[in-house]
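In this note's numbering, the protein residues as written are 170 to 444.
Worksheet: one structure, shown below.
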Ligand SMILES: Nc1ncnc2c1ncn2[C@@H]1O[C@H](COP(=O)(O)OP(=O)(O)OP(=O)(O)O)[C@@H](O)[C@H]1O
Ligand SMILES: [Mg+2]
């Protein structure tokens, strides 16, 4: 038998191991574990994650392949349920929510950007941007769509379909869609993984702007040290727990830290970017 929340774990650097929410945090994970399978074949994808991300910050998460990055993002965003521990978004504990409550929360308070853009090809750019409002049963505010499309530099593309746009433009539509509801947190999983360097920089600049001018909170998983350098801090995952962090690191420093981390763990991944 075990306590549900890891509140007896050693105090983290906030000395705030109490079960109450920590004020000012957009994302808070305490004692989060995620196990796949049981018994001898069980995989501990997350092995006790402690994390608090303040509102209005941009965080990159890096780590070798299999270190738990996607599992972390899924648990933090309410797309997957931890085996143990608590997740809070904007002070609200999501761990005990029903599927319907989680769906509603994701639609109204979270934004998502994925590597594969995930736009609906039969809808126009404007309709794609308005989709989160439509799914949430809200009034589809075309003025708001125009506003976020202007923010990502695509004011003139509202009536096009995704297939008529370049990859970078499609990802900018995905960023506009993530911004449209004014979410508390934007989760991005390899948002520049399918883009060339120049186009990637445009998309990263938009995420940076969302933090700096709109006060959004961004959490981004990436393999690319140059992408991670746009963030305020980089957190390094190894074997299911955060092993290291770097504040305002350059791409070179981030790459060096990744190489050191990869050398200590079983798998090789992402180290090529250190060149
Ligand atoms: N559905 C699943 N069933 C069983 N094991 C899983 C499942 N999903 C992930 N795992 C395991 O959990 C661990 C963490 O996986 P995860 O996908 O979070 O890693 P990652 O850091 O995102 O890797 P990558 O960089 O390759 O995307 C791995 O050992 C993986 O094999
Ligand atoms: Mg992954």
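Even for Gly, the Cβ is constructed at its ideal location relative to N, Cα and C.
Local conformation of residue 323 per DSSP, three classes:
coil
Starting from the C-beta of residue 376, find all residues in its chain whose C-beta is less than 6 angstroms away, skip the five residues before and the five after it, and write them out in chain order.
387
Quick one: using the 10 Å Cβ neighbour count with 16 as the cut-off for buried, is residue 192 buried or exposed?
exposed
Report yes if the C-beta of residue 217 is less than 6 angstroms from at least one heavy atom of ligand 1; otherwise report no.
no
Label residue 189 either buried or exposed according to how many other C-beta atoms from any shown protein chain fall within 10 Å of its C-beta, with 16 as the threshold for buried.
exposed
Which first and last residues belong to the alpha helix (DSSP H) in which residue 241 is found?
238-245
Given residue 355, which residues of its chain have a CB within under 6 angstroms of its CB, disregarding the five upstream and five downstream residues?
280, 347, 385, 387
With hydrogens ignored, establish whether the beta-carbon of residue 239 is closer than 6 angstroms to any heavy atom of ligand 1.
yes
Cβ of residue 214 versus every heavy atom of ligand 1: is any distance shorter than 6 angstroms?
yes
Report whether the distance from the Cβ of residue 277 to the nearest heavy atom of ligand 1 is below 6 angstroms.
no
Sort 392, 381, 399, 212 by Cα distance to residue 252 and report the nearest one.
212
Backbone CA spacing between residue 334 and residue 209 [nearest angstrom]
49 angstroms
CB contact flag (residue 298, residue 314, <7 angstroms)
yes
Since I believe residue 404 is in contact with residue 414 (beta carbons under 8 angstroms), could you give me their beta-carbon distance rounded to a whole number of angstroms?
5 angstroms
CB of residue 235 to nearest heavy atom of ligand 1: below 6 angstroms?
yes
Three or more C-beta pairs under 8 angstroms: does that hold for the segment 192-207 against the segment 251-265?
yes
State the Cα-Cα distance for the pair residue 460 and residue 207, rounded to the nearest angstrom.
Nothing can be reported for residue 460: it is not among the residues displayed for the chain, which extend from 170 to 444.
Classify residue 263 as helix, strand or coil using the three-state DSSP reduction.
coil
Let me confirm a value: residue 373 is counted as buried when at least 16 other C-beta atoms fall within 10 Å, else exposed. Which label applies?
buried
Residue 371, enclosing alpha helix (DSSP H) - first and last residue:
366-383
Just how far apart, CA to CA, sit residue 220 and residue 406?
12 angstroms
Could you name the residues of the same chain whose beta carbon sits closer than 7 angstroms to that of residue 216, not counting the 5 residues immediately before and after it, in chain order?
202, 408, 409, 410
With residue 272 as the anchor, note down where its alpha helix (DSSP H) starts and where it stops.
268-278
Determine which residues share a DSSP beta bridge with residue 220 and list them.
198
Verify whether the separation of the beta carbon atoms of residue 419 and residue 395 is less than 7 angstroms.
no
Answer with buried or exposed for residue 350, where buried requires no fewer than 16 other C-beta atoms within 10 angstroms of its C-beta.
buried
Identify the residues that DSSP records as bridge partners of residue 407: which are they?
410
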